[in-house]
């Protein structure tokens, strides 16, 4: 019986009609469509974000070029060239006073009394040298200050003019709009109109007749009547008055003329330089008479003289540079981009020129990432190898969730911890007597590269750990068995078979950890010290104890206070683009590594 | 009537009586609470191919893995009673060096598992972990092992290419060569051909036949034809027990046990 | 690719050929002994049968062993089946020759010599040739020769029929004793059977080479 039930019925086959749910589609294709849509939305959104980033950033090049043009036209650049000598001189002065301070310290150590020291250091000969040296440049300083003020004035005038011009343009636009009969008052216009009328009434600049109309008009406007011919006339006249008033305030800057205020007196400058040289030489001669009584100090003194000699030799070059400076030299567009990418200064809101050079930020980001990775890679990868290969299941169950838990700590909390605990602790540690032998201890800054690096390492460890552990876990068990069956010890198996096989995964884990570190904001903002300066690599390892600023940090810090559309605003977007490209390169290369090794595996 | 009667067609019986190398006695083996092997006693003879057959889960692989203590990797696995002696040494004695045991008793797995390294490094690995650094010694071992696994002519021109670029059968023979490189006396094979196509399987079988001259080989297989083709003796396992262990001819032509008969003739279950 | 166990097949084949040759020898000896009145040859033929039987046993054992251990198919399997059947046929040929030898012995001992050879000589030569041909068509895998054997067998049948007619004749009764006549008839019949077996072998060779009956 039962077998007969199973016999196929002799009806038309089921497959003759397709199953349809909606609009001729079956369930499968509807679900497929849904997921396709979500994927498309995600891609489109990401694309738009990228587009926005590039759009906002790209304006930077033009604006920065304008800014650089003004820098040159207004003579600020000229002044900056002048300033170079002054700064060199200041550095030399600093060097000299360092020698003096060291001398005093030495004498103190020798057990001399305050007065004896004073006598020695403030002896007529040394006084002449130390004080005389700083006095040599007073003329130079005064001269440069004057020139700088002149240049800043020109530049400020130009900026004011630009702003006024913009207002003027706005008025002109408004007037043409109002002249059109179809114009309707918006709420904003209405309020402005009323305000202006009131001002006029208060100033009593209308004749009686007009005054009455105005008062009526104010009431009318308040209750919201439309513009009629008469009131339009009034509105237009008001606008035109404003236009003219603004136009009058513009005092056009003629750079060629006004620059003379800056560039004149070149001869005098040269004379000042010559006197400076002569004075300095005279003082240096005198310096031989100081009895330093110490080899180290004397050699430093010699070095000081060498540096001075260098200073003197650079003066002729400096002179030609000044002579050859050309106000009208063109500023190409590429100059703007290259000075962004290679600029060593990031100076904003200064009374002189603003500089947007990404190098200090890039260096900061890279050096912090380097420190973080140096700490996070051994710890993360080591922990991954340990948990996956060596530890007992119990340890595994403890360690794994715990490390993954670290990634759940909000970065601001970690940053806070860094400021309050780690930074303090490190400074405290560095001040301990018995650790004084460690180079660069005691450290100057509580918040520095190392602090931020340590904390970032803490944040990168879970990423690196999880991915590396996955990579190791994905190595087929039979490889381990094969190695053991040949007679390898478990440790040999781990380090000769498992880890090399998982290397691609581990490398990509490290790269993604790097991506995480370079994109991290809160911790670096709080703990990196935020000094915008290229770290002094000449300090050797001391470079890791210097405060730095990072690309992410600067965006977070400054984005809140910039004027939308300004050069500064766009500069921050450019930093964002650089960051974006950096992350992109890291991710793509991580994928490349994985793909390359996977190809070998299959 | 002095007709010469000695034209014996059958395979000549071994002139000497076979010598057992692996002696298993009353072995009880368990994974935690579930016992996998019950009272196994069998001798495996020198320079013979012994095949283990039986349905899945009958314990044949478990027994095989007992021979080189691969079961040590599983925490809950333990021998409850009985002993395994290889060359008269109890391999589960505390003094036994497992590493040396595994060099003595090589193993080839079901899935070919070359390391993601070059062919050369795959073979040399076993030597390298023993600390051999001498290049010429390594070269020699690599060549002899590859020749031993009948793979030399196929790969001699690409020793430095990745082993993963070889075909499945070549990979499996590479694994055999890798096992040979540490100069074992016994080779265990856990379903060495189950993932291979017939041609590669035939090559591996040929290799097993060839290796028989120098090595004692134990093969676990699901393929009864294969057991019949390559082995000298066959053991049939069922539910953790050794049902019948006899010469292959006996097992396939005239088994004594009705279960064996049913299994080899495909009337099982 | 040739596998290591394929040489077992070759051995089997060789053994089958050996069996064929042995049975051919038995036939040859027994008939020759009869015709030449050579009792020694007859005795020798009489004794060889045991060896042929052993050989036949061995072949069938090897066939079964190969079938159960090596899993042969197609031409290998046909070869085994053919070997099984052909060895049986050769064994039967040897049996018939054995019985010819027996009859001949009796004839030669009671009568002294064969009085009327009839066409036995021609018949014997034909039978020997058939057996020989059946072996060589197997060895040389010559299907035409196999078909030729099928035809030649009819000649033997015809001669046998003639012998029957002659010996059942009144005239022959005067010439030979009854025993001699019956024995001669049985010998003739045995030779005819040998031809039949040779024909069977030829049929089997055709099956081996063609793959169909």
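Protein chains in written order, with this note's numbering: chain A, 1 to 602; chain B, 1001 to 1269; chain C, 2001 to 2213. We put the CB at the ideal spot given by N, CA and C, even for glycine. Quantities reported herein were computed from a predicted structural model and do not represent experimental measurements.
Query: Three-state class that DSSP yields for residue 1197 of chain B in the structure shown; Result: coil
Query: Residue 532 of chain A at chain B interface by Cβ criterion, 8 Å; Result: no
Query: Cβ-based neighbour list, residue 88 of chain A, same chain, cut-off 6 Å, excluding 5 preceding and 5 following; Result: 311
Query: Contact list for the stretch 1155-1177 of chain B against chain C, Cβ threshold 9 Å; Result: none
Query: Where residue 401 of chain A meets chain B, residues with beta-carbon distance less than 7 Å; Result: Correct list: empty, because the minimum Cβ distance to chain B is about 21 Å.
Query: Under 8 Å between C-beta atoms of residue 2123 of chain C and residue 2159 of chain C; Result: yes
Query: First through last residue of the alpha helix (DSSP H) which encompasses residue 427 of chain A; Result: 424-431
Query: Delimiting residues of the alpha helix (DSSP H) encompassing residue 59 of chain A; Result: 27-73
Query: Assigned secondary structure, residue 355 of chain A (DSSP; H/G/I helix, E/B strand, else coil); Result: strand
Query: Assigned exposure category for residue 1258 of chain B - 16 Cβ within 10 Å defines buried; Result: exposed
Query: Under the three-state DSSP convention, the category residue 2140 of chain C falls into; Result: coil
Query: Under 9 Å from the C-beta of residue 481 of chain A: neighbouring residues of chain B; Result: 1070, 1073, 1107, 1109, 1113
Query: Residues that residue 1043 of chain B bridges to, as DSSP identifies them; Result: B/1023
Query: Where residue 111 of chain A sits in the DSSP three-state scheme; Result: coil
Query: Inter-stretch contact at 8 Å, needing at least 3 Cβ pairs: the stretch 171-185 of chain A / the stretch 274-284 of chain A; Result: no
Query: Contact list for residue 1094 of chain B against chain A, beta-carbon separation under 8 Å; Result: The premise fails here: residue 1094 of chain B is roughly 18 Å from chain A at the closest Cβ pair, so nothing lies under 8 Å.
Query: 4-residue-minimum alpha helix (DSSP H) runs that sit fully inside the stretch 78-130 of chain A, ordered along the chain; Result: 114-121
Query: Contact set for residue 26 of chain A: own chain, Cβ-Cβ below 8 Å, skip 5 residues either direction; Result: 18, 19, 20
Query: Helix, strand or coil at residue 591 of chain A according to DSSP, with G and I counted as helix; Result: helix
Query: Members of the stretch 1180-1204 of chain B that neighbour chain C once the beta carbon cut-off is set at 9 Å; Result: 1199, 1202, 1203
Query: Collapsed DSSP secondary structure at residue 2009 of chain C in the structure displayed; Result: helix
Query: Listed by chain order, chain C residues near residue 1228 of chain B by CB distance under 9 Å; Result: 2068, 2069, 2070, 2071
Query: Proximity test, Cβ basis, 8 Å: residue 487 of chain A and chain B; Result: yes
Query: Own chain, CB closer than 6 Å to residue 441 of chain A, minus 5 neighbours either side, in chain order; Result: 430, 435
Query: Cβ contact check for the stretch 495-515 of chain A and the stretch 375-388 of chain A: 3 or more pairs under 8 Å; Result: yes
Query: The stretch 477-496 of chain A contacting the stretch 536-554 of chain A, beta-carbon criterion three pairs below 8 Å; Result: no
Query: Spatial neighbours of residue 583 of chain A in its chain, beta-carbon cut-off 8 Å, leaving aside the 5 residues before and after; Result: 515, 518, 519
Query: Beta strand (DSSP E) segment containing residue 1052 of chain B, residue limits; Result: 1049-1053
Query: Inter-residue spacing [alpha-carbon to alpha-carbon] between residue 2054 of chain C and residue 2173 of chain C; Result: 41 Å
Query: 8 Å contact criterion, which residue 1050 of chain B and residue 1235 of chain B should meet: CB distance rounded; Result: 7 Å
Query: Cα-Cα separation, residue 1095 of chain B to residue 1167 of chain B; Result: 41 Å
Query: Backbone CA spacing between residue 553 of chain A and residue 308 of chain A [nearest angstrom]; Result: 40 Å
Query: Length of the line joining the Cα atoms of residue 164 of chain A and residue 239 of chain A; Result: 15 Å
Query: Residue 1055 of chain B versus residue 1264 of chain B: straight-line alpha-carbon distance, rounded; Result: 11 Å
Query: Listed by chain order, chain C residues near residue 1209 of chain B by CB distance under 7 Å; Result: 2004
Query: Distance between residue 132 of chain A and residue 273 of chain A (C-alpha atoms, nearest Å); Result: 16 Å
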